[in-house]
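In UniProt numbering, the protein residues as written are 1 to 633.
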């Protein structure tokens, strides 16, 4: 709960119920156009009658009369809009000031913003080759941001010894969860404000006497040197160049490399100065943190710095050199760690500077334990023919045959977007005949017609460098190998030979009974509504064939999907137990009126609404009572 700028938001704020989000108040994003359709304003309490978002007179016939249609999204509430000023070391809250939010406000008072896609479960997400609905969290983790090899200027600092630093590229394979983890902390919708840009690459060396510092570029050329006490910038000293013996023939000052943004710097400064879980009780028998618990007091008896030093090799956190980052220009300045004063909030130790590396890998290691493989379905596949009821077994047969479900929900992971399926099928593929639309697409991504393509391009969109997220498009453009580090297995003939726009990552189905609402827009409330959607061949685009399932067949399919629930997840038993959590649950009152927080006001008078916080009690390895499903489903 100390990760977000507000001292409340964390990763678990949106992933606390079966790895997903069961909140239903202030969970609406207005979608394209920023006009709320389901309600007149945010802070609305959703009702079962609001679903599905695309209502038909005959739910089994996609061409029947449309009763209502909205482009709103059931997402997850994050932070209220604010401008980041600075961290406050030792405090769980950053120094911020509210900024007028033209969309997420009630009566001119800012409320928490809501994401524009539904929150997928983190349980079993370790098996995904790429993560996020649009696949932007890359399979290779670069230690800085979600972009993997796509960001050639993503560097971390490595200490070759305590007096020598260098910028290095980190490339960690099969780590899309780490790539995913470092995305939300830098999001001004989800957790916090953007962090400052950083310039790379350089090698930095502190002299043996520790009174001089020299900075070299990636080719080993000295670009600056000077006093270790005053510090040296990672850019040429222009005055020194002017003093050259041949100033007319001297090259102009070297332009800094492209700047990149990361989660690590200010967040590392903040998190290494707070006590872990200081606002949350940890059960004494917590399966991960029980031995460190201070129960019944909050927190644990380990610091983040201790845990980093125990988990990571010394060269990533131990150095006598500190890095000062200019908050306005992003320019770095290196100096000896001062012994006579504390560091400012713009000066970073190596551990603070590399925090994104530690954070991403640590979150990935934890989420890798969240594997639900003890379901009736698993028991059935292991030979216990009574593990599934006769109705569920009929549903399994329909799933594999008439329902066509297994075309996308393949393997033990029940998703074509898994690491194992991508290894079998390659990263992009052309479906074999007699597929109705045999064009090249990204493996595990499909447009099933949830919404019109123009509303959300999904994997058909662009990354932060304006490159296609679609790997099929990268192959067509000839940039596949440069951006992904391997040759494309197939090259599309032309743009018409690509299926990308409106395509989203195929979700796994384990515990699907617990993770409503469904699809990337959260537009379906129940499994019955989901089956009706597939039975009519989707709502837009006609990319799926109608299934013509009978009422009994649909019922059997739903019964089968309920056989994919791991009771450890429902009961929050290890490894799905967790510390206490307080999550924002909208604001007092409703979409017509909220209560301003008297302690928060922007420089221009902008006000921010008081929060309603929902307590999720601490649970140990033995589990506890099931949390309610979304809207009590």
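The beta-carbon is built from N, C-alpha and C at its ideal position, and this holds for glycine as well.
Because the structure is a prediction, the values reported are computed rather than measured.
Item	Value
Pick helix, strand or coil for residue 535, following the three-state DSSP scheme.	helix
Under the three-state reduction of DSSP, which class applies to residue 215: helix, strand or coil?	strand
Restricting to Cα atoms, I'd like to know which of 564, 306, 570 is closest to residue 376.	564
Under DSSP, the alpha helix (DSSP H) around residue 555 begins and ends at which residues?	551-562
Quick check on the DSSP output: the beta strand (DSSP E) that includes residue 224 runs from which residue to which?	222-227
Short of 7 Å in beta carbon distance, which residues of its chain neighbour residue 345, apart from the five on each side in sequence? Order them along the chain.	86, 87, 89, 269
For residue 465, count neighbouring C-beta atoms within 10 Å of its own C-beta (all shown protein chains included) and say buried if the count is 16 or more, exposed if not.	exposed
Measure how close the beta-carbons of residue 79 and residue 113 come, nearest whole angstrom, since I'm counting them as under 8 Å.	7 Å
Within this structure, are the beta carbons of residue 472 and residue 492 separated by less than 7 Å?	yes
Please report how far the alpha carbon of residue 160 lies from the alpha carbon of residue 399, in whole angstroms.	55 Å
Who pairs with residue 98 in a beta bridge, going by DSSP?	82
Exposed or buried, what is residue 222 when buried is set at 16 or more other beta-carbons lying within 10 Å of its beta-carbon?	exposed
Which whole-angstrom value describes the C-beta separation of residue 526 and residue 633, a residue pair presumed to lie in contact below a C-beta threshold of 8 Å?	6 Å
Please look up how many angstroms separate the CB atoms of residue 116 and residue 75, rounded, as I've assumed it's under 8 Å.	6 Å
DSSP three-state call for residue 10: helix, strand or coil?	coil
Going residue by residue through the segment 292-380, where are the continuous beta strand (DSSP E) segments of at least 3 residues, counting only ones entirely within it?	321-325, 332-336
Output the distance between the C-alpha atoms of residue 231 and residue 7, rounded to the nearest integer angstrom.	33 Å
At what residues does the beta strand (DSSP E) containing residue 205 begin and finish?	203-206
Provide the residue span of the alpha helix (DSSP H) that contains residue 480, from first to last.	480-484
Measuring straight from C-alpha to C-alpha, what distance separates residue 395 and residue 118?	27 Å
Going along the chain, which residues of its own chain have a beta-carbon closer than 6 Å to the beta-carbon of residue 615, five neighbours each way excluded?	582
Please identify the residue among 162, 176, 149 whose C-alpha is closest to the C-alpha of residue 169.	149
Check whether the Cβ atoms of residue 77 and residue 584 lie closer than 7 Å to each other.	yes
If residue 166 and residue 140 are in contact, beta carbons under 8 Å, what's the gap, nearest whole angstrom?	With a Cβ gap of about 21 Å, residue 166 and residue 140 do not count as contacting.
Would you say the segment 604-611 touches the segment 55-71, given that touching needs at least three Cβ pairs under 8 Å?	no
Alpha carbon to alpha carbon, how far is residue 206 from residue 309?	22 Å
Keeping to the same chain, check which residues put their C-beta closer than 7 Å to that of residue 421; ignore five residues upstream and five downstream.	410, 411, 443, 444
Would you check if the segment 560-575 and the segment 502-511 touch, i.e. whether three or more CB-CB distances between them fall below 8 Å?	yes
Whole-angstrom Cβ separation of residue 298 and residue 284, contact assumed at under 8 Å?	The pair is not a contact, with the Cβ atoms about 13 Å apart (cut-off 8 Å).
Starting from the C-beta of residue 316, find all residues in its chain whose C-beta is less than 6 Å away, skip the five residues before and the five after it, and write them out in chain order.	354
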